[in-house]
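Asker: Start counting the sequence shown at 1; every next residue gets the next number (UniProt numbering). For each residue, glycine too, the CB sits at the ideal point set by N, CA and C.
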Amino acid sequence: MTHFLTTARGDRVAYDRYGEGPALIFIAGAGPYRAGDAVTTETAERAAERGITTIVFDRLGRGESEADGILDLDRELEALAALIEEAGGFAVLCGHSSGCSIALAAAVSGLPVVGLALWEAPIAGDPAHARAWATEFVRLLDAGELEPALEWYMKDMPPEWLAGAKRSPGYPSMVAAIGSQRADAESLLWAASAPHAELFSDIGVPVLTMHGEQTFDEMIASSADIAASIDGAVTKIMPGAHHSWEPHPMAEELARFTVASFAANR
Numbered sequence: 001m002t003h004f005l006t007t008a009r010g011d012r013v014a015y016d017r018y019g020e021g022p023a024l025i026f027i028a029g030a031g032p033y034r035a036g037d038a039v040t041t042e043t044a045e046r047a048a049e050r051g052i053t054t055i056v057f058d059r060l061g062r063g064e065s066e067a068d069g070i071l072d073l074d075r076e077l078e079a080l081a082a083l084i085e086e087a088g089g090f091a092v093l094c095g096h097s098s099g100c101s102i103a104l105a106a107a108v109s110g111l112p113v114v115g116l117a118l119w120e121a122p123i124a125g126d127p128a129h130a131r132a133w134a135t136e137f138v139r140l141l142d143a144g145e146l147e148p149a150l151e152w153y154m155k156d157m158p159p160e161w162l163a164g165a166k167r168s169p170g171y172p173s174m175v176a177a178i179g180s181q182r183a184d185a186e187s188l189l190w191a192a193s194a195p196h197a198e199l200f201s202d203i204g205v206p207v208l209t210m211h212g213e214q215t216f217d218e219m220i221a222s223s224a225d226i227a228a229s230i231d232g233a234v235t236k237i238m239p240g241a242h243h244s245w246e247p248h249p250m251a252e253e254l255a256r257f258t259v260a261s262f263a264a265n266r
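(1) Expressed to the nearest angstrom, what Euclidean distance is found between the alpha-carbon atoms of L188 and G125?
(2) Report the rounded CA-to-CA distance for E76 versus A260, giving the unit in angstroms.
(3) Using a 10 Å radius around the Cβ and a threshold of 16 neighbouring Cβ atoms, would you call T209 buried or exposed?
(4) Runs of 4 residues minimum, wholly inside the stretch 184 to 240: which ones carry the alpha helix (DSSP H) assignment?
(5) Measuring alpha carbon to alpha carbon, tell me which residue in A163, A107, G51 and L254 is nearest I230.
(6) Return the chain-ordered list of same chain residues with a C-beta closer than 6 Å to the C-beta of Q214, the five sequence neighbours on each side being excluded.
(7) According to DSSP, what are the bridge partners of A14?
(8) Would you list, in sequence order, the uninterrupted alpha helix (DSSP H) runs of no fewer than 4 residues that lie entirely inside the stretch 91 to 147?
(9) What residues match up with F26 in a beta bridge as DSSP calls it?
(10) If you measure between the beta carbons of E20 and T41, is that distance less than 8 Å?
(11) For the 8 Å Cβ check, are there 3 or more pairs between the stretch 94 to 101 and the stretch 21 to 38?
(12) Decide if the stretch 112 to 123 is in contact with the stretch 218 to 230; the criterion is three or more beta carbon pairs, one per stretch, under 8 Å apart.
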């Protein structure tokens, strides 16, 4: 059953909650929302069976979390703050793709985060390129050029991804929701704003950075970079391919990591 909460700014956030115990919140990357993300839902359900609370939410401007105006990183962090409070006041964050840079920004900003589980964070590329890419994406959004903004956001992804999106009956909805990816771009811009060892220096909670057995070179490089930049961070290779994970082993790993992270922060 869908639950709703209201952020300090008045945004209404839709979410599913499973299980009881230490809390784990999933942060989607660019585009996904609950109704179209069966992998995350299955993972959350399986992890909850292992003695933790899991929360899967629709990011602002997606699914049932209807929102308008400028959906920037600050608003997304306010949504996370409300979800963490709803979960009991502390949580592990599990980011997927650009959801990882949002999770990292949340931890650095001082939200009550007790652990970070990061799946294939796309933050190992040239910082100058990342800054130029994010700046142009935001310019297109501000100009109301929604389809060019979506095309630009996906410009460095495998070309078949954009071609497949354009063939999908859901493509008009993807274009209409592109404003929700401003927070992704801003978090990636933040991640490119300074050396990671400096940017992440205040992160003192357990960090698990993961990538699939079959993935892109940048994701492997990102895992290594994060592990090198944060004291005590651990890298794991997990079953998964094409930027996605396998729900059963991921659920086991996330449940174990969540329990251990809460124990480490007592």
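Answerer: With the given structure in hand:
(1) One-based indexing of the sequence shown puts residue 188 at position 188. One-based indexing of the sequence shown puts residue 125 at position 125. Spanning the two alpha carbons is a distance of roughly 11 Å.
(2) Position 76 of the sequence shown, counted from the start, is the residue given in the question as residue 76. Position 260 of the sequence shown, counted from the start, is the residue given in the question as residue 260. Their backbone Cα atoms lie some 26 Å apart in a straight line.
(3) Working through the sequence shown from its first residue, we reach residue 209 at position 209. The residue in question, T209, is buried, as its Cβ has 16 or more Cβ neighbours within 10 Å.
(4) 196 to 199 and 217 to 229
(5) As a position in the sequence shown, residue 230 is number 230, starting the count at 1. Of the candidates A163, A107, G51 and L254, the one whose C-alpha sits nearest the C-alpha of I230 is A107.
(6) Position 214 of the sequence shown, counted from the first residue, corresponds to residue 214. Cβ neighbours of Q214 beyond the five flanking positions: A241.
(7) Sequence index remark: in the sequence shown, residue 14 carries index 14 (1-based). Paired residues: F4.
(8) 98 to 109 and 127 to 142
(9) By 1-based counting over the sequence shown, the position of residue 26 is 26. DSSP, once it has assigned bridges, lists V56 and C94 as partnering F26.
(10) Residue mapping note: residue 20 aligns to position 20 of the sequence shown, counting from 1. Residue mapping note: residue 41 aligns to position 41 of the sequence shown, counting from 1. Contact: no.
(11) yes
(12) yes
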